[in-house]
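S.K.:
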Amino acid sequence: MKVLYIGNWRDGTGWGNAAQSYILSLDAADVDVVPRHIKLNERECEVPDRILKLEKKSDK
Numbered sequence: 002m003k004v005l006y007i008g009n010w011r012d013g014t015g016w017g018n019a020a021q022s023y024i025l026s027l028d029a030a031d032v033d034v035v036p037r038h039i040k041l042n043e044r045e046c047e048v049p050d051r052i053l054k055l056e057k058k059s060d061k
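Everything in the sequence shown is counted per my numbering, starting at 2 for the first residue and increasing by one.
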């Protein structure tokens with residue numbers, strides 16, 4: 002099963018940091034996770050390379 006994770010992991014907040022952790026935890030548990038970002042503010046933060054790779058996967 003593929004899981005589409007929609008969240009705000011690029012906005013540099015506590016919520017964004019938690020979202021990054023959730024994505025990486027799902028991936029570490031061998032869940033086929035496909036993250037899609039929602040922009041909630043104008044901040045940008047560093048995103049782990051693994052999440053960037055997962056973002057490129059198809060959500061189909």
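For glycine and all other residues, C-beta sits at the position ideal for the given N, C-alpha and C.
In this structure, what does DSSP give as the bridge partners for G8?
M.R.: G8 is bridged to H38.
S.K.: Would a C-beta distance cut-off of 7 Å place D12 and L41 closer than the cut-off?
M.R.: Going by C-beta atoms, D12 is nearer than 7 Å to L41.
S.K.: For I7, count the other beta carbons within 10 Å of its own beta carbon; 16 or more makes it buried, fewer makes it exposed. Which is it?
M.R.: Looking at its Cβ environment, which holds fewer than 16 other Cβ atoms inside 10 Å, I7 is exposed.
S.K.: Across which residues does DSSP place K3 in a beta bridge pair?
M.R.: D33.
S.K.: From P49 to A30, what does the alpha carbon distance come to, in whole angstroms?
M.R.: Each residue's alpha carbon lies about 17 Å from the other.
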